[in-house]
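Participant: Questions regarding the structure given below will be posed in turn.
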Amino acid sequence: MNILTRMVACLCATVLMAAPATAARAADDPPPANLLAADMDTGFDGGTSPLTAANPASGGTQQIVDVGGDNALELRDASQGSNLSSYFYRRWSTGTLKDRINEIYQRPTGSPAQQFVLRYGLRRSAASDKLVAKDIYAQIQFGNFDNNLVPRFPVPAVSLTTTSAYTDTSGGLSPVDDTDIAQYRFTIVPNGGRRLISTVELGFSVRVDTGGTDEAITVDDLGVYEAGGGVTDTEPPTAPTGLTRAAGSADGISLGWTASTDNLGVTGYDVFRDGYQVASVGGSTTSAVIGGLMPATHYTFTVRARDASGNVSPTSVPLDASTGPYVPEKPAPYPGTQQSRTQWLWDKTKAMKEESGAVNVAAYTAQLADHENTAVNLAKLDAQFQSYDYEQYKTMAKMYSYLMVGDQFDAAMLAHVRGYFASYAYQKLPQTENLRMSNYATGYLVGQYFPDLADLNGNSGAQLKAANKANILEMVDAGVRRGWAEYQSPEYTFMTYFCLNALYQWADDDGLRRQVKMAMDVMWFEWANDWIDGYMISSESRAKGDLSAVNDPTWRPADHSTLAWTYFGAHRAQSGVGESDNPAPSAYRPNLEYAGLVAWPGTTYTPPALAVKIGRKTDKSYTSRKANLQNSGGHAMDIYRTTYVRPTWGLGTEVQYRRVDNWIEDLPVVLRWRSDAANPLFRLSTDQGNAPIGTYDQPADQRVMQDGPTAVGVYRSSGDQTSNYLNALFPANGSIRERRAVDGWTVADTGTMYFAFKPAKPGTWYHQTPNDPADKVKTTAQNHPTAMLSYSYDILRSQADRNGWVLETADASAYPDLDAFAQALTSTTSLDVSHIDDPAPRLVYHSLKGDDLDITFDSAADAPGPTHLVNGTPIDYDAYPLFDTPWLHQGELGSRFTASADGETVVYDFDRWMVKARHDREGEEASGRR
105 MNILTRMVAC LCATVLMAAP ATAARAADDP PPANLLAADM DTGFDGGTSP LTAANPASGG
165 TQQIVDVGGD NALELRDASQ GSNLSSYFYR RWSTGTLKDR INEIYQRPTG SPAQQFVLRY
225 GLRRSAASDK LVAKDIYAQI QFGNFDNNLV PRFPVPAVSL TTTSAYTDTS GGLSPVDDTD
285 IAQYRFTIVP NGGRRLISTV ELGFSVRVDT GGTDEAITVD DLGVYEAGGG VTDTEPPTAP
345 TGLTRAAGSA DGISLGWTAS TDNLGVTGYD VFRDGYQVAS VGGSTTSAVI GGLMPATHYT
405 FTVRARDASG NVSPTSVPLD ASTGPYVPEK PAPYPGTQQS RTQWLWDKTK AMKEESGAVN
465 VAAYTAQLAD HENTAVNLAK LDAQFQSYDY EQYKTMAKMY SYLMVGDQFD AAMLAHVRGY
525 FASYAYQKLP QTENLRMSNY ATGYLVGQYF PDLADLNGNS GAQLKAANKA NILEMVDAGV
585 RRGWAEYQSP EYTFMTYFCL NALYQWADDD GLRRQVKMAM DVMWFEWAND WIDGYMISSE
645 SRAKGDLSAV NDPTWRPADH STLAWTYFGA HRAQSGVGES DNPAPSAYRP NLEYAGLVAW
705 PGTTYTPPAL AVKIGRKTDK SYTSRKANLQ NSGGHAMDIY RTTYVRPTWG LGTEVQYRRV
765 DNWIEDLPVV LRWRSDAANP LFRLSTDQGN APIGTYDQPA DQRVMQDGPT AVGVYRSSGD
825 QTSNYLNALF PANGSIRERR AVDGWTVADT GTMYFAFKPA KPGTWYHQTP NDPADKVKTT
885 AQNHPTAMLS YSYDILRSQA DRNGWVLETA DASAYPDLDA FAQALTSTTS LDVSHIDDPA
945 PRLVYHSLKG DDLDITFDSA ADAPGPTHLV NGTPIDYDAY PLFDTPWLHQ GELGSRFTAS
1005 ADGETVVYDF DRWMVKARHD REGEEASGRR
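Residues 105 to 1034, numbered by the numbering used here, are exactly what the sequence shown covers, in order.
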């Protein structure tokens, strides 16, 4: 009997034992079908492997071998000095298994789930002296996953090194299935066709550590079978009881329960997290480990039992449980120095994880710059240069690679580099700010470093340099006189800065370098102004996705705030940066992470010393006004920004006028506070199409005004919205110590400050975690991993075509406790919403500090009018300068920018492109060109 026959017999015996004799499968029934058999050569009878090596540089090889007269496949990993696993896989988009899985997913929600079992024959055919046990595994992966309706890994990567087949030394193959590794039994839960899989991938991994001898496994008779029996039964099991939490960590919780009973026997248990099935175990198992959870997050679990006929029990009594705090792999030095924090960021860049295949060029380039894993990284980088990029900032990232480590490229690789840069047209673009700058800056450097290389328009050398220099300087002039359009955007601000830094580092034109340096200096001054001991206090342009809102010492994207942190520091250690540290179970997207490249030790630019001094101030207390006078496309429009800051917290808002063709990715209301917990951020947004909840906002629909610590807003649906909700997102990861409802207000104590929110129309509370589908609360949202929240929120949603709201804030020192703050609200303030349903909704509010705020909905396309009043006086938005803060000053469209602190003053003259420094206390003055 071959291994396949033995495994089928084993499966049949399992089915027979699960059912009574009177309901057993008839003797002439066919054995369970191997659903893989129609999709691939599972027994390797054709003499070739159906698997592909994921990374040829890993040291992995595969070959057909003879085992007892039968073909089998040996998978081997050899140490290559790079400590990479060898992964062999087959991925297919059509076939019997995929069709059967989707057939079950298309069944009505609530229909019985179907279990499947992965089986194969195994032997260990080469024993390494330095194996990496955790990376010797088999797995199944689904495409179009969301980790809710469809798991990414129905069979996860569980080490097979503890199985008897692996440890057996007889030389033969032995079966491995769910009796050896419980996770090899997986469950497909019908979802009514809301999500189907697009691909199936079966993979095997083998890995030895650096310097180890070869490790090899031999596999044969691969199979996936449906599990279950032919029992006719309508009686469900009893509900499981005694559900308890056995143990927990930052990303997982262990559960246990008392077994159910059933007339024919319990065959399995399904575990639910917040109403979504997340695990299944066999009928003899009364425990489960639920992984992939968010740190410091509250969840509700239930369990139900099922039998062989698909009958399910009532669910258990719910269990509320929370995960532990986030534990970083390697937190940053604290307090550290600018040098040690920058080195940490550089090391992070080199250590970016290849979780879903190749990452971007940053990790490979950084390792090459330090002469690490040279051969492997050159091969990876070479492959990157042979792929086309549709986002222009990726071309700039590859220019960094060439200019930083191109001296290590051989002739063949240099030919690929030339071919890559020749595949673009470096011309004026009708694009966003960061993409335009990326195209122009890359084009200039192509003309400089590849003078004989023509772009798609036939331009080369001096032509490319001249045309792109003009485009760059036009953008720089607009940026310093009108303000950068993508201000404080977590993703895009850095991309523009990234390009300016490249020009300062490598351009051969001193005049160009002087102007881009002055532009970078002003960027740093604004970041320094907005930095409050680890947090950026400001409204944000082009902030899309929940990850764009997150910005704190627990975790922040690899963006400009990370650069700011390296120079300014924070009140506690930076735990994580970038996707490799991202605790959220969302799609792994390191392809946009280039901040580490400017942490390169060879970088010559340094921010102004005065900006660093301002950024490090921890006693900031002020109200500021700023203006930005262009949109991301480079067209004139007005954004007026107001910020109220105290040493440990701050509130920032914005309102737009003379609005043209702009993006709807702003965060118009941002409240941040200092906290030892993650995500100390309250924000407001309005639903936009199928965008995720709390992400996009249409400034034309929501009009906002701020008076010191108080903000108010009115909303009017544009009429073309699929939903008309205001969303108030309260973080639910511990940064709010207490929250309660008081007379229509939601009041909150954060420890450092109090805040209160009140919508004009009634609202309903919802709770959503990153583990939930993106469309859990907002049902029109895209249900995709990149659309999920990155933290947990309690969300107050208020629905109406016309609506409004009030946000009050106060320092913790202003009131003895939350009760006193709430008492002041109910006794001092008043809200008049009698005109909220007018064609132009109006709201009048008497604030805690005694001011009357009167806001009427107005057009974002028009100039400001008498619609935003404080104590009867219209706010003069047109009088807002570009900068008006305690340290920064520049008039609207002004040619002079002034930064001052502690007796020092620096003046930037954008007419003559000069910088003048003055030390007031000493009467000294120095000027010069930079």
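Just so it is clear, CB atoms sit at the ideal spot from N, CA and C, and this is done for glycine as well. Only a predicted model underlies this, so the values are computations on that prediction, with no experimental measurement involved.
1) Would Arg227 pass as a contact of Leu277 if the rule is Cβ separation under 8 Å?
2) Is Gly395 helix, strand or coil when you go by DSSP?
3) For Gly225, name the three-state secondary structure that DSSP assigns.
4) In its own chain, which residues sit with a C-beta less than 6 Å from the C-beta of Leu300, not counting the 5 before and 5 after it?
5) Look up Asn686 in the DSSP assignment and say whether it is helix, strand or coil.
6) How far does the alpha helix (DSSP H) with Ala928 in it reach, from first residue to last?
7) Taking 8 Å as the cut-off, decide whether the C-beta atoms of Leu140 and Thr146 are in contact.
8) Report the option in Thr322, Asn248, Leu306, Phe246 whose CA atom is closest to the CA atom of Asp272.
9) Cα-Cα, which of Thr933, Asn828, Ser183 is closest to Ser902?
10) Does Ala558 come out as helix, strand or coil in the three-state DSSP assignment?
11) Do Asn837 and Asn783 count as a contact pair if the criterion is CB distance below 8 Å?
12) Measuring only the C-alpha atoms, how far is Phe489 from Met398?
13) In or out: Pro555 buried (at least 16 other Cβ within 10 Å) or exposed?
14) With burial defined as no fewer than 16 other Cβ atoms inside 10 Å of the residue's Cβ, what is the status of Leu755: buried or exposed?
15) According to DSSP, what are the bridge partners of Tyr193?
16) Are there 16 or more other CB atoms within 10 angstroms of the CB of Thr757, so buried, or fewer, so exposed?
17) Do you know offhand how far Trp588's Cα is from Val262's?
18) Going by C-alpha distance, which of Phe987, Ala852, Met809, Gln872 is nearest His972?
19) Select from Val171, Pro160, Ser162, Asn175 the residue whose C-alpha is nearest the C-alpha of Asp149.
20) Based on DSSP bridge pairs, tell me the residues matched to Gly754.
21) Kindly indicate which three-state DSSP category Asp133 falls into: helix, strand or coil?
22) Report the three-state DSSP secondary structure of Ile576 (helix, strand or coil).
23) Helix, strand or coil for Ala516 per DSSP?
24) Does Pro712 pass the burial test, meaning 16 or more other C-beta atoms within 10 Å, or should it be called exposed?
25) What first and last residue would you give for the alpha helix (DSSP H) that runs through Glu207?
26) Quick check on DSSP: helix, strand or coil for Gly333?
27) Does the Cβ-Cβ distance between Ser934 and His950 come in under 8 Å?
28) With burial defined as no fewer than 16 other Cβ atoms inside 10 Å of the residue's Cβ, what is the status of Ser894: buried or exposed?
29) Taking all protein chains shown into account, do 16 or more other C-beta atoms lie within 10 angstroms of the C-beta of Gln443, making it buried, or fewer, making it exposed?
30) Nearest CA to the CA of Asn907: which residue from Ser938, Pro772, Thr913, Asp879?
31) Determine the DSSP secondary structure at Gly510, reduced to helix, strand or coil.
32) Using a 10 Å radius around the Cβ and a threshold of 16 neighbouring Cβ atoms, would you call Trp909 buried or exposed?
33) Just how far apart, CA to CA, sit Asn69 and Thr303?
34) Leaving aside the five residues before and after Thr536 along the sequence, list all residues of the same chain whose C-beta is less than 6 Å from its C-beta, in chain order.
35) For Asp68, count neighbouring Cβ atoms within 10 angstroms of its own Cβ and tell me buried if that reaches 16, exposed if not.
36) Over the uninterrupted alpha helix (DSSP H) stretch that includes Ile718, give me the two end residues.
Facilitator: This is what the structure gives:
1) A distance below 8 Å separates the beta carbons of Arg227 and Leu277.
2) Coil at Gly395, not helix or strand.
3) Reduced to three states, the DSSP call for Gly225 is strand.
4) Contacts found: Asn206, Tyr209.
5) Coil at Asn686, not helix or strand.
6) Per DSSP, Ala928 belongs to the alpha helix (DSSP H) from 922 to 932.
7) If you check the CB distance, Leu140 and Thr146 come in under 8 Å.
8) For Asp272, the nearest C-alpha among the options comes from Thr322.
9) Answer by Cα proximity: Asn828.
10) Coil, per DSSP.
11) Contact: yes.
12) Their Cα atoms are separated by approximately 36 Å.
13) Pro555 should be labelled exposed.
14) Buried.
15) Paired residues: Thr156, Gly307.
16) A buried status is given to Thr757, since no fewer than 16 other beta-carbon atoms sit within 10 Å of its beta-carbon.
17) Looking at the backbone, the Cα of Trp588 and that of Val262 are separated by about 49 Å.
18) Here the closest residue by C-alpha is Met809.
19) Comparing Cα positions, the closest option is Asn175.
20) DSSP output for Gly754 lists Val749, Arg776 as bridge partner(s).
21) Residue placement at Asp133 is poorly supported in this model, since its pLDDT is 45, which falls under 50; the coordinates are not used for a value here.
22) Helix, per DSSP.
23) Annotated three-state conformation of Ala516 is helix, per DSSP.
24) In summary, Pro712 is buried, with 16 or more beta-carbon neighbours lying within 10 Å of its beta-carbon over all protein chains present.
25) Bounds of the alpha helix (DSSP H) holding Glu207 are 200 to 209.
26) Caution is warranted here: a pLDDT of 44 is assigned to Gly333, below 50, making its placement in the model unreliable, and the coordinate value is therefore given only provisionally. If DSSP states are grouped into helix, strand and coil, Gly333 belongs with coil.
27) Closer than 8 Å, so yes.
28) Under this definition Ser894 is a buried residue.
29) The residue in question, Gln443, is exposed, as its Cβ has fewer than 16 Cβ neighbours within 10 Å.
30) Checked all of Ser938, Pro772, Thr913, Asp879; the closest Cα to Asn907 is Ser938.
31) Note: Gly510 maps to helix in three-state DSSP.
32) Around the beta carbon of Trp909, 16 or more other beta carbons lie within 10 angstroms, which makes this residue buried.
33) Here the chain has residues from 105 to 1034 only, and residue 69 is not among them.
34) Excluding positions up to five away in sequence, the list reads Ser736.
35) Nothing in the structure corresponds to residue 68, since the chain is present only between 105 and 1034.
36) Ile718 -> alpha helix (DSSP H) spans 713 to 719.
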